[in-house]
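Data block below; observations after.
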Amino acid sequence: MISILIIDDEVEIGYFLSRLFQSKGYHVKVVNSGKEFSEIDFSLEQFHVAMIDLKLPDANGLTLLQNLKQVQPTCKVMIMTGYSTIKTAVDAIKLGASDYIEKPFDDIDLLEKQVEKLLGSTCFSNQHHIEKIARESGLIVGNSRAMNQLIQTAAKVAGKPVNILIEGETGTGKEVLSRFLHQASDRHQESFIGVNCGALSENLLESELFGHEKGSFTGATQHRKGLFEIASNGTLFLDEIAEASYAIQVKLLRVLETREFMRVGSESILRTKTRLIAATNEDLKEAVKQKKFREDLFYRLNVVHLKIPPLRERKEDIPLLVQHLLQRTGTALSFSNSAIDLLQSYEWPGNIRELSNFVTRAVMLADPNATIIQADELPINHQTKSQVVASNTDKQESNLESYLKTWLTETLTTFEQKDEVKLDEVLAQVKELESQVGKSFIMRTLKDTHGNRKEAAKRLQITMRKLRYLLNEKT
Ligand SMILES: Nc1ncnc2c1ncn2[C@@H]1O[C@H](COP(=O)(O)OP(=O)(O)OP(=O)(O)O)[C@@H](O)[C@H]1O
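What follows is the structure, given as structure tokens:
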């Protein structure tokens with residue numbers, strides 16, 4: 001693990017730097033005086049980079065630099081000085097420092113870059129750290145250039161105190177990416193809380209976000225903290241932000257501008273330090289043009305914009321994703337190369353969520369004695385490359401016909417049998433039919449709308465809530 005030593009008598013600076021570098025997964029040791037420095041056992045602790053303040057109350061930074069270089073010659077040293085002159089900087093560099101930086105730190109980017117540069121010349125790389133966090137967040141980066149670039153950018157902005165807007169079709173991994181951003185930030189030990197703006201009514205969403213006082217509305221029997229309060233030191237993920245009503249948008253804007261809010265039914269002002277990540281599967285800019293989304297809120301949220309490409313545009317990621325999804329089911333099964341080829345020829349309108357459901361079903365249906373799932377066992381009705389129809393067991397889209405036939409045969413057989421029939425079971429079958437028919441229509445429409453759920457719900461004349469319900473997702 002990369003180790004960084006900070007030597008500074010200003011406790012706040014030590015704290016700030018340790019948070020900054022700990023959030024990158026580095027080990028950080030802070031000492032506040034020459035005395036504390038002399039107490040370090042360098043035979044036990046190896047440092048890759050040391051940041052030394054030139055002015056300490058009981059020691060000269062240049063002397064500490066020399067002492068450190070004697071015991072750990074490979075450690076790179078960055079001098080920090082509030083009284084930077086070319087002379088002291090040149091002196092420090094002559095004595096073995098690799099770089100210097102002026103205090104106060106106006107440009108944290110520059111500071112990070114300078115330290116990364118020093119680390120780059122040691123044996124560790126930032127890439128290693130990004131991969132570790134991605135793994136911990138359940139995010140497979142894959143082999144595509146687009147995803148790799150996206151994750152590099154995400155890693156760079158994760159630690160910055162800026163709002164982030166994630167855009168991507170349904171199931172592309174917006175929530176997974178936001179978890180990665182949280183994990184890669186210095187808030188990773190605080191809470192990460194997500195809320196789906198489309199899944200709650202306006203009143204419920206307001207109370208969920210801001211909390212409420214006892215008696216503020218019918219049913220408010222207790223006072224309740226809102227997510228801006230609960231996740232004050234952490235990250236708040238607002239999924240499907242375009243679904244937030246105009247009134248909620250106004251309230252969100254106020255919190256983002258002032259960091260202040262009030263619980264429903266209260267007049268006391270509360271403060272929040274929540275870091276906000278919003279996600280949308282529709283073009284928010286377009287929603288602004290159509291006056292459905294507030295422009296001022298859009299600009300507040302869109303400080304950093306991360307767009308996740310749909311799976312059909314990064315099919316080279318499918319092998320690694322499939323491997324991950326298989327592991328997630330706990331199976332030892334794998335897919336043959338031709339099976340992977342087949343999966344890569346499908347368009348996946350429901351993106352990784354659809355792929356994930358597909359893998360789970362393929363595992364469930366696999367021959368119990370098999371170790372490899374072959375292409376011809378896959379429930380994909382493969383017509384022409386890149387123009388695949390759909391899966392039988394998904395019972396979605398055009399295979400609806402075969403599902404209906406099977407359903408009808410099974411139901412008629414039950415009807416014709418003379419033994420006792422459990423009507424409840426038959427009715428459960430009818431419910432299943434309703435759900436599968438709904439799902440098929442939705443999947444077909446999602447394909448037509450390129451994954452735009454709102455548009456799909458509009459075309460099918462159902463609410464977003466119903467759409468999600470029929471897809472067996474969050475309600
Ligand atoms: N890069 C990825 N690596 C591994 N799994 C992923 C990745 N992206 C998405 N998934 C998986 O796909 C499923 C959908 O992901 P997620 O909920 O993050 O998508 P979403 O874009 O937020 O969906 P929605 O628009 O419906 O809210 C989850 O099971 C998630 O674990």
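Just so we're aligned, residue 1 is where the sequence shown starts under my numbering, counting upward by one. Glycine included, each C-beta is placed from N, C-alpha and C at the ideal position.
Check, Outcome
"Ile133 beta carbon near ligand 3 (any heavy atom closer than 7 Å)", "No copy of ligand 3 appears in this structure; the ligands present are ligand 1."
"Secondary structure of Ala278, DSSP reduced to three states", "strand"
"From Leu270, Leu326, Tyr246 and Ile308, residue whose alpha carbon lies closest to that of Glu295", "Tyr246"
"Spatial distance of Glu240 from Ser345 (CA atoms)", "29 Å"
"Exposed unless 16 or more other CB atoms sit within 10 angstroms - verdict on Asn351", "buried"
"Where Gln383 sits in the DSSP three-state scheme", "At Gln383, the pLDDT of 37 sits below 50, so the modelled position is not reliable; the number obtained from the coordinates is stated separately. The answer is coil: DSSP assigns Gln383 none of H, G, I, E or B."
"Separation of Leu284 from Glu12, as counted between CA atoms", "40 Å"
"Residues near Ala244 by beta carbon distance below 8 Å, same chain, minus five either side", "Cys197, Leu205, Leu238 and Leu252"
"Rounded straight-line distance, which links the Cα of Ala428 to that of Ser185", "47 Å"
"Residues of its chain near Ala278, where Cβ-Cβ distance is below 6 Å and the 5 sequence neighbours each way are ignored", "Leu165, Leu238, Ile241 and Leu301"
"Through-space distance from Thr235 to Glu175, alpha-carbon basis", "12 Å"
"Same chain, Cβ closer than 7 Å to Glu229, neighbours up to 5 away in sequence not counted", "Gly211, Leu270 and Thr272"
"Stretch-stretch touch, CB-based, cutoff 8 Å, three pairs: the region 136–144 with the region 93–107", "no"
"Cβ pair count under 8 Å reaching 3, the region 19–30 against the region 58–66", "no"
"Residue nearest to Val426 in terms of C-alpha spacing, selected from Phe441, Gly438, Trp407 and Gly171", "Trp407"
"Cβ distance (whole Å) where Ala134 is taken to contact Phe180 below 8 Å", "6 Å"
"Ser3 - DSSP class collapsed to helix/strand/coil", "strand"
"For Ala457 and Ser336, the rounded distance between their alpha carbons", "37 Å"
"Counted within 10 angstroms of its Cβ, other Cβ atoms place Asp53 as buried (16 or more) or exposed", "buried"
"Backbone secondary structure at Lys458 - three-state DSSP", "helix"
"Which of helix, strand or coil DSSP assigns to Met262", "coil"
"Where Lys291 falls, given that 16 or more other Cβ within 10 Å makes a residue buried", "exposed"
"Neighbourhood of Glu260 by C-beta, 8 Å cutoff - its chain only, sequence neighbours within 5 removed", "Arg254, Ile269, Leu270, Arg271 and Thr272"
"Beta carbon of Met51 nearer than 8 Å to that of Ile6", "yes"
"Cα-Cα separation between Leu471 and Thr280, rounded to whole angstroms", "18 Å"
"Glu287, enclosing alpha helix (DSSP H) - first and last residue", "Checking the displayed sequence, the identity of residue 287 turns out to be Ala instead of Glu. Counting along the chain, the alpha helix (DSSP H) containing Ala287 begins and ends at Leu284 to Lys289."
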